[in-house]
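Working notes, structure below.
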Amino acid sequence: MQAMSAGGKATFYIVPLQETLDTSPLPPDSHCFAKMPKKTCFQCHEVMPLQMLAVHIRTCSGKLSSDETVAESSDELCIVENACKRTIVQVQLLNLQYANQKARKMYCAYLNTKLTSQQSFKLCDDREGLPDRGILQWKRKKAASPASALKVVYIGEAGIDTGAIRKEFLTDMVSGIKNRFFEGAGNQGKNPKYS
Numbered sequence: 042m043q044a045m046s047a048g049g050k051a052t053f054y055i056v057p058l059q060e061t062l063d064t065s066p067l068p069p070d071s072h073c074f075a076k077m078p079k080k081t082c083f084q085c086h087e088v089m090p091l092q093m094l095a096v097h098i099r100t101c102s103g104k105l106s107s108d109e110t111v112a113e114s115s116d117e118l119c120i121v122e123n124a125c126k127r128t129i130v131q132v133q134l135l136n137l138q139y140a141n142q143k144a145r146k147m148y149c150a151y152l153n154t155k156l157t158s159q160q161s162f163k164l165c166d167d168r169e170g171l172p173d174r175g176i177l178q179w180k181r182k183k184a185a186s187p188a189s190a191l192k193v194v195y196i197g198e199a200g201i202d203t204g205a206i207r208k209e210f211l212t213d214m215v216s217g218i219k220n221r222f223f224e225g226a227g228n229q230g231k232n233p234k235y236s
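Just so it is clear: in the sequence shown, position 192 is 233 by my numbering, and no numbers are missing.
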């Protein structure tokens with residue numbers, strides 16, 4: 042099979058032997074699950090294979106005692122349980138994925154308020170004589186600040202700076218500075234040029 046799928050790099054299609062492919066889930070007591078690692082559901086304390094636990098958690102409502110109702114259990118965020126003469130606090134977080142997305146959006150909005158288009162540091166440069174021209178343009182910019190976002194455009198190239206052009210510019214600048222002001226062979230160390 043590895044040769045047919047080019048070492049796992051090519052798409053490999055499997056034709057089912059029967060007319061229709063049965064995709065219904067296996068029962069939890071199937072012999073296929075015997076050697077799989079098992080975990081306990083914290084709500085209903087049922088032991089099941091780890092692969093089935095994620096699907097089970099979405100539908101599990103936990104074991105309710107006779108004096109509880111479904112409405113009371115869904116409103117509670119914390120379930121306190123006494124086991125083995127010590128208290129174990131379990132916190133059930135609802136809509137964790139939604140909360141993470143909301144926090145991410147709030148953080149991005151905060152960063153957008155800190156970086157405005159006025160604070161961007163734009164350089165338009167040619168690839169010829171890059172270190173000298175780059176340093177001169179850097180000096181001429183009055184709004185140059187380490188907090189400003191660097192935007193680089195090369196003359197005659199239709200590239201949008203999403204980070205790769207900026208990284209290439211800074212790599213070329215550091216390389217040019219190193220070659221101009223330091224001497225030495227390879228990566229064995231560099232000494233400053235004094236002449």
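Virtual Cβ for every residue (Gly too), placed ideally from N, Cα, C.
Taking Cβ positions, are residue i and residue j nearer each other than 7 angstroms?
i    : j    : result
L191 : F162 : yes
V215 : I206 : no
L91  : K80  : yes
D213 : L171 : yes
G175 : D167 : no
G225 : K219 : no
Cα separation between residue i and residue j?
i    : j    : result
Y195 : R221 : 22 angstroms
C101 : C85  : 7 angstroms
M147 : I201 : 26 angstroms
R145 : E209 : 29 angstroms
E87  : C149 : 41 angstroms
R99  : M89  : 14 angstroms
S189 : Y235 : 33 angstroms
K180 : L211 : 15 angstroms
G227 : G217 : 15 angstroms
Y151 : L164 : 26 angstroms
H97  : F74  : 15 angstroms
Which first and last residues belong to the alpha helix (DSSP H) in which residue i is found?
i    : result
F222 : A205 to F222
Per DSSP, what are the beta-bridge partners of residue i in this structure?
i    : result
L164 : V193
P233 : F223
Between which two residues does the beta strand (DSSP E) carrying residue i extend?
i    : result
K79  : K79 to T81
P172 : No beta strand (DSSP E) contains P172, which is instead part of the alpha helix (DSSP H) from L171 to R181.
P90  : V88 to P90
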